[in-house]
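Student: Per the numbering used here: the sequence shown ends with 806, consecutive numbering throughout.
Positions of the beta carbon are idealized from the N, C-alpha and C atoms, including for glycine.
Below are the structure tokens for one structure; questions will follow.
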Amino acid sequence: MKILITGVAGFIGHTLAIRLLERGDEVVGVDNLNHYYDVTLKEKRLVRLAAYPRFRFIKLDIADKDSTQALFAAEKFDKVMNLAAQAGVRYSIENPQAYIEANIVGFTNILEGSRHNGVKHLVYASSSSVYGANTKLPFSESDPVDHPISLYAASKKANELMAHCYADLFKLPCTGLRFFTVYGPWGRPDMALFKFTRAILAGEPIQVFNHGNMVRDFTYVDDIIEGVVRVIDNIAAPDPAWRSDTPDPATSYAPYRIYNIGNNNPVKLMRYINALEDCLGKKAIMEMLPMQPGDVPATQADVSRLERDTGFKPATPVEEGIAKFVKWYRDYYQV
472 MKILITGVAG FIGHTLAIRL LERGDEVVGV DNLNHYYDVT LKEKRLVRLA
522 AYPRFRFIKL DIADKDSTQA LFAAEKFDKV MNLAAQAGVR YSIENPQAYI
572 EANIVGFTNI LEGSRHNGVK HLVYASSSSV YGANTKLPFS ESDPVDHPIS
622 LYAASKKANE LMAHCYADLF KLPCTGLRFF TVYGPWGRPD MALFKFTRAI
672 LAGEPIQVFN HGNMVRDFTY VDDIIEGVVR VIDNIAAPDP AWRSDTPDPA
722 TSYAPYRIYN IGNNNPVKLM RYINALEDCL GKKAIMEMLP MQPGDVPATQ
772 ADVSRLERDT GFKPATPVEE GIAKFVKWYR DYYQV
């Protein structure tokens with residue numbers, strides 16, 4: 472297949488591209504290489520991808536309507552994986568406009584390009600953040616997600632609603648994936664594991680929010696990628712069991728699906744830190760802080776739908792995943 476990956480220089484994007492290339496797909500990757508975090512890391516991910524002859528990179532901002540439409544018209548993709556987005560919950564408080572441009576305007580351009588150019592399946596990254604103020608665990612795709620607590624979360628819910636419109640109006644098969652706290656090698660420097668590792672090795676304090684009383688469904692990147700690949704291959708179709716008098720938000724009479732991809736095994740933040748300390752052979756200096764605006768105390772994914780429809784359930788324990796990250800980190804930064 473010929474597959475477009477937007478945000479291909481990102482953490483998940485470049486890992487997914489390698490997986491698809493290794494199974495024989497042709498991958499066209501786009502990214503605007505913005506400065507939200509270290510561009511050098513993004514460029515080194517692209518160097519890895521350049522080794523594959525069936526990969527092409529195009530520097531492009533999906534918020535640029537004309538360039539995006541020209542790309543779709545020229546390439547005629549079979550399938551699209553939209554990972555380009557302005558990420559980060561806390562940054563959305565400081566710079567809301569960035570989220571509107573990338574996550575709303577950019578996603579509209581992806582929908583339009585897919586609609587007009589025969590894309591067989593549009594898969595896109597949503598987020599566990601859409602569950603917002605929900606406290607019933609585990610989070611199910613059938614739960615209402617009407618109370619986001621960050622603009623990032625609101626933009627991701629908006630993507631799900633926009634995708635449903637296109638699935639209904641234009642019969643464009645669309646699947647949204649709610650990722651749960653992804654970590655692993657080649658990860659994002661703005662995420663906790665990266666920050667904790669750097670600080671512990673430097674003998675600096677780490678910031679531990681909610682005084683350590685956080686629980687997360689940490690999901691190793693390879694598990695995320697396996698789930699994504701299976702979903703790309705499993706084209707969304709109308710659900711014959713969907714009923715308008717008891718509507719299920721995760722499915723539809725239109726070719727539309729929503730899936731959680733998480734480890735389904737929530738871990739206390741202190742266990743996560745302890746596992747990292749063990750791998751580094753060094754204790755963390757902890758600065759205990761209150762909960763941050765836009766954050767939630769606990770997440771856990773119900774992945775029964777993913778397992779039922781694709782036969783896959785993430786299962787990598789945090790101790791194993793953190794050990795792989797630390798090995799990569801030491802090799803990459805020579806520490």
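Buried or exposed for Q763, going by 16 or more other Cβ atoms inside 10 Å?
Tutor: So Q763 ends up on the exposed side.
Student: Report yes if the CB atom of G647 is closer than 8 Å to the CB atom of N630, and no otherwise.
Tutor: Yes, the Cβ-Cβ distance between G647 and N630 is below 8 Å.
Student: Within 10 angstroms of its Cβ, does I511 collect 16 or more other Cβ (buried), or is it exposed?
Tutor: Here residue 511 turns out to be Thr, not Ile, going by the sequence shown. Under this definition T511 is an exposed residue.
Student: Quick one: Cα of Y691 to Cα of V699, how far?
Tutor: Their backbone Cα atoms lie some 13 Å apart in a straight line.
Student: Relative to the C-alpha of L640, which candidate in S626, L517 and A725 has its C-alpha closest?
Tutor: Ranking the options by Cα distance to L640, first place goes to A725.
Student: Mind pulling the alpha helix (DSSP H) runs of 4 or more residues that sit fully within the stretch 525-605?
Tutor: Here the runs fully enclosed are 536-546, 562-565, 567-570 and 577-587.
Student: Bridge partners for E758 per DSSP, in chain order?
Tutor: BP columns for E758 point to Q678.
Student: Write down the C-beta distance between M633 and G683 rounded to the nearest angstrom, noting that I regard them as a contact closer than 8 Å.
Tutor: About 38 Å separates the two Cβ atoms, so there is no contact after all.
Student: Distance check for A480 and V501, CA to CA, integer angstroms please.
Tutor: When rounded, the distance between both Cα atoms is 8 Å.
Student: Among the candidates C636, S775, K530 and V576, whose CA atom is the shortest distance from the CA of N505?
Tutor: Of the candidates C636, S775, K530 and V576, the one whose C-alpha sits nearest the C-alpha of N505 is K530.
Student: Taking the straight line between their C-alpha atoms, what separation do you get for T722 and E546?
Tutor: One C-alpha to the other measures close to 30 Å.
Student: Considering just the uninterrupted stretch of the beta strand (DSSP E) at N630, what are its terminal residues?
Tutor: Premise fails: N630 lies in the alpha helix (DSSP H), L622 to F641, not in any beta strand (DSSP E).
Student: Contact check, F526 vs A488 under 8 Å by CB: the rounded distance?
Tutor: Right, the Cβ-Cβ distance comes to about 7 Å (below 8 Å), so this counts as a contact.
Student: Using DSSP bridges, identify the partner residues of K739.
Tutor: Partner(s): V686.
Student: Report yes if the CB atom of Y654 is closer than 8 Å to the CB atom of F783, and no otherwise.
Tutor: No, the pair does not count as a contact, with Cβ atoms beyond the cut-off.
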